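Here the structure comes first, spelled out in structure tokens, and everything after it is commentary.
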Amino acid sequence: MKKTNKKSDVKAKLAYKKYLEDIGFCNVRITASPADITAEKDEKKYYFEIKMTKQANSYFGAATMTEWKEAIRNPNTFKFVIAKTDENEENFEFIEFTPDEFLKYSTIPPFKVYFNINLNDNNKVSKRNKALQATKEILEEFISFFETSKDK
-19 MKKTNKKSDV KAKLAYKKYL EDIGFCNVRI TASPADITAE KDEKKYYFEI
31 KMTKQANSYF GAATMTEWKE AIRNPNTFKF VIAKTDENEE NFEFIEFTPD
81 EFLKYSTIPP FKVYFNINLN DNNKVSKRNK ALQATKEILE EFISFFETSK
131 DK
């Protein structure tokens, strides 16, 4: 029996894709980057980042720096979309936010440094994808930046 990913937002993306098509967007595509969905309308390209929740009253989530980079570069055509749904993910309510609106609800915690250790061969270092290889110098820069920014 195949396990399902309980955190998957595939149904939300499909429902929002249909919604966009219903309101006149064309070339609506579910993509991985720079946002979950891209679409076109009036010869403009739009970006939609879907954040799905089953919470009824409050939602605590995260947006990546990659998502924010695209949002800041395209403030007039980028939307963060909260996809509020039921336990069975059958009904959706979509709440759209511009990047400026979404900023009001966003905070930046102290940076995290992730690690990935092969417990069977700790001499084997995993390959990096989009992440930076941690170095003492980079960590010192981030610490300094964060501490300086907190004082603003």
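Going by the working numbering, the sequence shown opens with residue -19, and the numbers climb by one from there.
Built from N, CA and C at the ideal position, the CB exists for glycine as well.
From a predicted model like this one, the values you see are computed outputs, not experimental measurements.
Ranking 25, 26 and 40 by CA distance to the CA of residue 32 puts 40 first. Residue 34 and residue -9 have their alpha carbons spaced roughly 12 Å apart. Going by beta carbons, residue 19 and residue 7 fall inside the 8 Å limit.
Look at the beta carbons and you see the stretch 111 to 126 touching the stretch 88 to 102: at least three pairs across the two are nearer than 8 Å.
In this structure, residue 29 sits near residue 15, with a CB-CB distance shorter than 8 Å. Between residue 59 and residue 72 the beta-carbon gap is near 15 Å, outside 8 Å, which marks them as no contact. Distance from the Cα of residue 44 is smallest, within the candidate group 118, 75 and 111, for 111. Membership of residue 1 in the alpha helix (DSSP H) is indicated by the continuous run -10 to 2. Ranked by Cα distance from residue 49, the options -7, 21 and 79 are led by 79. Under the DSSP assignment, residue 76 falls in the beta strand (DSSP E) whose first and last residues are 72 to 77. Contact annotation, residue 81 with residue 61: C-beta distance approximately 12 Å; criterion of less than 8 Å not satisfied.
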